[in-house]
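The sequence shown begins at 10 in my numbering and counts up one residue at a time.
Glycine included, each C-beta is placed from N, C-alpha and C at the ideal position.
Here is the structure we will look at.
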Amino acid sequence: MTKGQGFGGFGLGKMKELTEAFKKAQQVQEGAKRLQEELEVMEIEGEAGGGLVKVVLSGNQEPRRVEITKDAMGEGPEVLADLVLAAAKDAYNKSTATMRERMEELTGGLNLPGLG
């Protein structure tokens, strides 16, 4: 065995890389836990009809509330249903985009060996 090679050619340099990767992974895990907590309390609003209907979700897509204006009520049941659906889709899209952005921020600098 040559000097610095360690077990089966797994040298000290590789061990240091692995240690750094584990540290980064642990940081990401801790950050993910904090992010999960933030997403639970976050409120993301979707709207339709220029604000006639609003749907509010948490960052985890948990429905929080629906707001319907009196003007929206006068539109009739079919239009109102379409407005509620459109507002829900808007809130969902904003929520998933927010979650994706936050996860990318969290994992941005993570380079695990073998996962290139």
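Candidates Ala30, Lys103 and Glu114: closest to asparagine 69 by CA position:
Taking only the C-alpha atoms, the option nearest asparagine 69 is Lys103.
Rounded distance between the beta-carbons of lysine 63 and alanine 90, thought under 8 angstroms:
Between lysine 63 and alanine 90 the Cβ distance is about 15 angstroms, and since that is not below 8 angstroms, they are no contact.
Distance, Cα to Cα, glycine 22 vs methionine 108?
Cα to Cα, glycine 22 sits roughly 36 angstroms from methionine 108.
Report yes or no: do the region 29-44 and the region 70-82 share at least 3 C-beta pairs separated by less than 8 angstroms?
Flag = no, the region 29-44 and the region 70-82 do not touch.
Report the three-state DSSP secondary structure of leucine 27 (helix, strand or coil).
Helix.
By Cβ distance below 8 angstroms, which residues in the same chain neighbour lysine 98 in space, the five residues on each side in sequence not counted?
Correct list, in chain order: Gly55.
May I ask you to report which of helix, strand or coil DSSP gives glutamate 49?
In the structure shown, glutamate 49 falls within a helical segment according to DSSP collapsed to helix, strand and coil.
How big is the Cα-Cα spacing for glutamate 47 and arginine 111?
Their Cα atoms are separated by approximately 10 angstroms.
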